[in-house]
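>
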DNA sequence: CTCGAAATGTTTACAGTGACAACATATGGC
DNA sequence: GCCATATGTTGTCACTGTAAACATTTCGAG
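Residue numbers (this note's numbering), protein chains in the order written: chain L, 22 to 223; chain B, 22 to 223.
What follows is the structure in structure tokens.
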């Protein structure tokens, strides 16, 4: 697949737009460019130089905003989790909460993985930063809280911890199997499988 | 040459052992060394040169046996699937078949992921070779057949296709979540979660 | 057995990567 | 207005996968 051109030319979203040396908000621009690349070429191995070129900046400039590549990827992963959480919350509301909302949440999880395979994979593959306690408003916790909330309604008699883990593992497994091409993406099928344990055919 | 060594010295399993130029069965030796490396350093990014050094051979020698690095990784992934299938079959037999055997199969799946995280991840991350039809005796199919066999007994009334997918996704999700440090490895917990859908507490 | 073709391994080299150090330029507080 | 600091650039290094040319061993045909 060719090799050059295509430069996405994602600049900062306004800020200063100095035009020359300084970029305005490079950190945000780099993350945006990274997300774009992840959304387009699935297998393409996101490199620092390509990213810098997208933003129109020298390769080593990125090191002023991220200690190393890992940190950059961590930032992208974090954004991925945030988006996932937002989509799940949205699905929950749209379905009117309750068991139906809970199921919709699960389906949104798998759909996100299907729509943004590279971002989803990155988001979950990143090593947990150790200091990942129960506070901190990063997206992962939002998603997990929704999960805990819904699981009580769907399976009243069961230990909520076990049920939550079951639900999470189920959708995560579906997501990964779809990403890795072990199974095909099929929303109806996903709904059916999720419904097997968590009642409510609706 | 051959002054240093230090290398792990994984040679072929007998063959000729020419001693000098020719290695005997380099392909097998490389795969063995690769599996060893995968089993030891989880995060360590398996490189061609390191692998060649382990085997005591020049880096480019590997290209006589694999078209490129991808092909080598594919071979390792295949071996991983084969081992997974073997462990599952073993677990099934040890539990005496039936529903208990089916559950044991699922637990073995997760345990394998926990015991060999890098190999498990590699095995499932590799792109499917396209020509992955229902024949071919490679490990993946063995595992899937076991799955189909067990699912009928565990959930008599349910569409076996849906049930099989459910079971697979569940254990795969648990495996991936453990690999990515989202949850802790806890065999009892895994058994409990698997038992939630697939009855039989015992 | 001899001999040349094929298989296997080596050396050298190249383009691409993440990262560091030294240097250049813009920004903002005094 | 001036200088400390943040930000961006150029040059370089070690390392990676891999291609090309060369060396050695093995094997089958005469």
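The beta-carbon is built from N, C-alpha and C at its ideal position, and this holds for glycine as well.
Everything numeric in this text was worked out from a predicted model, so none of it was measured.
Is there a Cβ from chain L that is less than 7 Å from the Cβ of residue 62 of chain B?
As a position in the second chain, residue 62 of chain B is number 41, starting the count at 1. Chain L, which has no Cβ nearer than 7 Å to the Cβ of residue 62 of chain B, makes this no.
> Express the C-alpha separation of residue 169 of chain L and residue 136 of chain B in angstroms, rounding to a whole number.
The sequence position of residue 136 of chain B within the second chain is 115, counting from 1. The sequence position of residue 169 of chain L within the first chain is 148, counting from 1. Cα to Cα, the separation comes out at about 29 Å.
> Going straight from the alpha carbon of residue 124 of chain B to that of residue 178 of chain B, what length do you get?
Reading the second chain from its first residue, position 103 is the one you call residue 124 of chain B. Reading the second chain from its first residue, position 157 is the one you call residue 178 of chain B. Distance between the alpha carbons of residue 124 of chain B and residue 178 of chain B is about 18 Å.
> Please list the partners that residue 92 of chain B has in chain L, where partner means a Cβ-to-Cβ separation under 8 Å.
The residue labelled residue 92 of chain B in the question sits at position 71 within the second chain. Below the 8 Å Cβ cutoff, chain L contributes no neighbours of residue 92 of chain B, its closest Cβ being approximately 16 Å away.
> With respect to the alpha helix (DSSP H) encompassing residue 176 of chain L, which residues constitute its N-terminal and C-terminal limits?
Position 155 of the first chain holds residue 176 of chain L. That residue, residue 176 of chain L, is in no alpha helix (DSSP H); it is neither H nor E in DSSP.
> Measure the Cβ-Cβ separation of residue 54 of chain L and residue 76 of chain L and say whether it is below 7 Å.
Within the first chain, numbered from 1, the residue matching residue 54 of chain L stands at position 33. Within the first chain, numbered from 1, the residue matching residue 76 of chain L stands at position 55. In this structure, residue 76 of chain L lies closer than 7 Å to residue 54 of chain L by Cβ.
> Considering just the uninterrupted stretch of the alpha helix (DSSP H) at residue 108 of chain L, what are its terminal residues?
Residue numbering aside, residue 108 of chain L sits at position 87 when the first chain is read from its first letter. According to the DSSP assignment, residue 108 of chain L belongs to the alpha helix (DSSP H) that extends over 90-115.
> Are residue 174 of chain B and residue 120 of chain B close, meaning C-beta to C-beta below 7 Å?
Along the second chain, read from residue 1 onward, the residue named residue 174 of chain B stands at position 153. Along the second chain, read from residue 1 onward, the residue named residue 120 of chain B stands at position 99. In this structure, residue 120 of chain B lies closer than 7 Å to residue 174 of chain B by Cβ.
> Is the CB-CB distance between residue 195 of chain L and residue 49 of chain B below 7 Å?
Stepping through the first chain from its first residue, residue 195 of chain L is reached at position 174. Stepping through the second chain from its first residue, residue 49 of chain B is reached at position 28. Not in contact: residue 195 of chain L and residue 49 of chain B (Cβ atoms no closer than 7 Å).
> Could you tell me which uninterrupted alpha helix (DSSP H) segments, each at least 4 residues in length, are contained entirely in the stretch 37-77 of chain B, listed from first to last along the chain?
Note on the stretch 37-77 of chain B: whole alpha helix (DSSP H) runs with a minimum of 4 residues are 47-61, 69-76, in chain order.
> Using a beta-carbon distance below 7 Å, is residue 183 of chain L in contact with chain B?
Residue numbering aside, residue 183 of chain L sits at position 162 when the first chain is read from its first letter. Yes, its Cβ sits closer than 7 Å to a Cβ of chain B.
> Strictly below 7 Å CB to CB, what residues from chain L border residue 123 of chain B?
On the second chain, position 102 is the one that residue 123 of chain B refers to. Residues of chain L with a Cβ closer than 7 Å to the Cβ of residue 123 of chain B do not exist; the shortest Cβ-Cβ separation is about 15 Å.
> Count the other CB atoms, across all protein chains shown, that sit within 10 Å of the CB of residue 79 of chain L; report buried if there are 16 or more and exposed otherwise.
Numbered from 1 along the first chain, position 58 holds the residue referred to as residue 79 of chain L. So residue 79 of chain L counts as exposed.
> So which residues of chain B does residue 193 of chain L contact, with C-beta pairs closer than 7 Å?
Residue mapping note: residue 193 of chain L aligns to position 172 of the first chain, counting from 1. Listed by position along chain B, the residues whose Cβ is nearer than 7 Å to that of residue 193 of chain L are 194, 197, 198.
> Listing by chain order, which chain L residues have their CB less than 8 Å from the CB of residue 214 of chain B?
Reading the second chain from its first residue, position 193 is the one you call residue 214 of chain B. Within chain L, the residues near residue 214 of chain B are 183, 186, 187, 190.
> Relative to the alpha-carbon of residue 94 of chain L, which residue among L:212, L:180, L:145 has its alpha-carbon at the smallest distance?
Taking the first residue of the first chain as 1, we reach residue 94 of chain L at position 73. If we check each option's Cα against that of residue 94 of chain L, L:145 comes out closest.
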